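Chemist:
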Amino acid sequence: MFPFSRHASALQELPMLHHLLRNHNERKLTVPMLLNLLKPKFSEDGSNKLKYEKEVYHLFVRYLREVASGRRLFPLGQVLAFVTGSTEEPVLGFSIAPAIEFVQAEVGFLPTAHTCSNMLSIPMGTTNKPLPPQDELFNLYDLAFSQTYFGKM
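Numbering (this note's numbering), first residue to last: 15 to 167.
1) Determine whether the Cβ of Glu115 lies closer than 9 Å to any Cβ atom of chain C.
2) How many Å lie between Leu134 and Arg85 at the Cα?
3) If I follow the unbroken beta strand (DSSP E) through Leu134, where does it start and stop?
4) Between the alpha carbons of Gln118 and Val105, how many angstroms are there, rounded?
5) Leaving out the 5 sequence neighbours to the left and right, which residues in its chain are closer than 7 Å to Val70 when beta-carbon positions are compared?
6) Taking C-beta to C-beta, are Leu49 and Leu78 nearer than 9 Å?
7) Hey, Pro89 and Val81: beta-carbon distance below 9 Å or not?
8) Going by the beta-carbon positions, is the gap between Ser131 and Ile110 smaller than 9 Å?
9) How is Gly91 classed by DSSP in three states: helix, strand or coil?
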């Protein structure tokens, strides 16, 4: 026997079913949503690296705002796809939470991604190798996020 009352629909009895079956295109990805998904892994307070991590993270957030406002070449979902392989958050969330790690720039400042671990690696400046000017850095981000190579060119 079906567990629902004769006059009630499954959607009325199980509101979660309605949530799972709704059109997910209604929910447009926003900068706050993306930043909530991509948790930065900062060094501990007092660390010398923390200053450089916060500097590049601040620029990354500014870059995302430009993407969301249409001043860059693609939608925010493309940044999420670069990190996770998906342009939107799955209904039940990611099994591995996406995150941002900060790495020292060895060759350049092109971000890379590891979709198996949902990790975005953002190169940061150092005393010996400062960040490039904002326009140049944002152009590198455009190059990385518009490709399907996850920054490995």
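Glycine is no exception: its CB is placed at the ideal position from the N, C-alpha and C atoms.
Quick caveat: nothing in here was measured; it's all calculated off a predicted structure.
Modeler: In brief:
1) Annotation note: the requested chain C is absent from the structure, which comprises a single protein chain.
2) Residue numbering aside, residue 134 sits at position 120 when the sequence shown is read from its first letter. Residue numbering aside, residue 85 sits at position 71 when the sequence shown is read from its first letter. Distance between the alpha carbons of Leu134 and Arg85 is about 22 Å.
3) As a first step, residue 134 must be located in the sequence shown, where it is residue number 120. Looking at the DSSP string, the run of the beta strand (DSSP E) that includes Leu134 is Met133 to Met138.
4) Translated into positions along the sequence shown, residue 118 becomes position 104. Translated into positions along the sequence shown, residue 105 becomes position 91. Their Cα atoms are separated by approximately 34 Å.
5) By one-based count along the sequence shown, residue 70 stands at place 56. Result list for Val70: Phe116, Ile136, Met138, Gly139 and Leu145, in chain order.
6) Taking the sequence shown and counting its residues from 1, one reaches residue 49 at position 35. Taking the sequence shown and counting its residues from 1, one reaches residue 78 at position 64. Going by C-beta atoms, Leu49 is nearer than 9 Å to Leu78.
7) As a working mapping, residue 89 is identified with position 75 in the sequence shown. As a working mapping, residue 81 is identified with position 67 in the sequence shown. In this structure, Val81 lies closer than 9 Å to Pro89 by Cβ.
8) Translated into the one-based positions of the sequence shown, residue 131 becomes position 117. Translated into the one-based positions of the sequence shown, residue 110 becomes position 96. In this structure, Ile110 lies closer than 9 Å to Ser131 by Cβ.
9) Taking the sequence shown and counting its residues from 1, the one referred to as residue 91 is at position 77. Gly91 falls in the helix class under three-state DSSP.
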